[in-house]
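Peer 1:
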Amino acid sequence: MKDPALGSVSIVGAGQTGTALGVALGRSGAAREIALYDRDPDVARRSRSLGAGDRTVERIEDALRADTVILAVPVSAIVRIVDAHGRTLSPGTLLLDTGSAKRVVVDAMRRSVAPGVHAIGGHPLAGTERPGPEGADAAALSGAAFALCPVRDDPEAVRRARLVAVAVGAEPVVITAEDHDRAVARTIGLPHLLAFALEAVVRRADGAAGALVGPGVRGATRLARSDPAMVAALLAANAPETRAAVAELRAALDPLVARLDDEDALVAALGAAAR
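Structure follows, in structure tokens:
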């Protein structure tokens, strides 16, 4: 029987993203086995109970002994793990992460992972606002973009990372780390900031505002139900591009505000903004 394409898989971090990937990979049959590691053993056990893996391991060193290693932890933790353990990985291992910022991760992989290891940055754009294993939604990976950011000239890393993305039902998008971070600051970071800011404005308004919340506000503030620690980590990891995105938003808002007393001009400005 032909060995599954990904061989043995270890997922480091059994929270929302790690659990979703584990469930999807398990269903795909692309992995010979899936091992789960989390610094909180209870999280790993809960993830396994949801079908994300075949077994759990208690030491990160054991988790790193696999054909395919997926780091599904916050960006700061990814960088720490790569710097601490990157040189211990066996040649031929595929090292893929799922962090929301890629430049800092790719830089860490370049400095700390030996060339014989197939390292590549990754980011599946299929998260939910619910933290932990119970917030995982493997179905959300179907058709989702899965960014892949090469670390060095390594076609094998790209080929195998594509296999991971396709196995979970996602669409692989090969992109530089710089272009990735520039894009997600605007498509992920900025919407999260706006949701929390709008939620704060509504909550600080007088009593009538609370009684007059419609679907528009509920939809616009949905992301404010996300774990604040998770969102803060997402934003901080990509702070320079997030600041640039906020500046662009202000520049886009100012002309609209300036036309509030001229309905015809406002219609034209809104129409131009939406095109």
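Numbered per my numbering, the sequence shown spans residues 178 to 452.
Backbone N, C-alpha and C define an ideal beta-carbon position, used for all residues, glycine too.
1. Kindly give me the distance between the Cβ atoms of Ile297 and Ala249, rounded to whole angstroms, as I take these residues to be in contact under 8 Å.
2. In whole angstroms, give me the CA-to-CA distance for Ala388 and Ala382.
3. Going by Cα to Cα distance, which pick from Phe323, Asp358, Ser319, Ala401 is closest to Arg204?
4. Could you give the distance in angstroms between the alpha-carbon of Pro432 and the alpha-carbon of Val328?
5. Note down the Cα distance separating Ile275 from Leu426, rounded to an integer number of angstroms.
6. Please say whether His300 and Leu271 have beta carbons closer to each other than 8 Å?
7. Would you kindly report the start and end of the unbroken beta strand (DSSP E) that includes Ile255?
8. Starting from the Cα of Pro251, find the closest Cα among Gly393, Gly190, Phe373 and give me that residue.
9. What does a CB cutoff of less than 8 Å around Leu266 pick up in its chain, not counting 5 residues either side in sequence?
10. I'd like to know if the stretch 387-406 and the stretch 276-290 are in contact, where contact means that at least 3 CB-CB pairs between them fall below 8 Å.
11. If contacts are defined as beta-carbon pairs under 8 Å, then Ala313 and Leu202 qualify, I think. What distance do you get, rounded to the angstrom?
12. Could you round the C-beta distance between Glu440 and Ala401 to whole angstroms and report it? I think they count as a contact, below 8 Å.
13. Within the same chain, show all residues whose beta-carbon is closer than 7 Å to that of Ala278, passing over the 5 residues directly before and after it, in chain order.
14. Does the beta-carbon distance from Glu306 to Ser403 come in below 8 Å?
15. Could you have a look at Ser289 and say whether DSSP puts it in helix, strand or coil?
16. Which residues in the same chain as Arg222 place their Cβ atom closer than 7 Å to its Cβ, once the five residues preceding and following it in sequence are excluded?
17. For Gly299, does the three-state DSSP call read helix, strand or coil?
Peer 2: Checking against the coordinates, here is how it stands:
1. Actually they are not in contact, since the Cβ atoms of Ile297 and Ala249 sit about 14 Å apart, beyond 8 Å.
2. Approximately 11 Å between the Cα atoms of the pair.
3. Considering only alpha carbons, the answer is Ser319.
4. Taking the straight line joining both Cα atoms gives about 41 Å.
5. The question names Ile, but residue 275 is Thr in the sequence shown. Taken atom to atom, the span from the alpha-carbon of Thr275 to that of Leu426 is near 27 Å.
6. Leu271 places its beta carbon 8 Å or farther from that of His300.
7. Ile255: not part of any beta strand (DSSP E); member of the alpha helix (DSSP H) spanning 252-262, first to last residue.
8. Ranking the options by Cα distance to Pro251, first place goes to Gly190.
9. Excluding five sequence positions before and after Leu266, the CB atoms of its chain that fall closer than 8 Å to its own CB belong to Leu241, Val246, Leu272, Val290, Ala291, Val294, given in chain order.
10. Result no; under three Cβ-Cβ pairs closer than 8 Å.
11. Actually they are not in contact, since the Cβ atoms of Ala313 and Leu202 sit about 12 Å apart, beyond 8 Å.
12. Not quite, the Cβ-Cβ distance comes to about 31 Å (not below 8 Å), so this is no contact.
13. Excluding sequence neighbours, Ala278 sits near Val252, Asp358, Ala414, Asn415.
14. Result yes, Cβ atoms of Glu306 and Ser403 sit closer than 8 Å.
15. For Ser289, the three-state secondary structure derived from DSSP is helix.
16. Once the five neighbours on either side are set aside, the close Cβ partners of Arg222 are Thr233.
17. Of the three classes helix, strand and coil, the one that applies to Gly299 here is strand, per DSSP.
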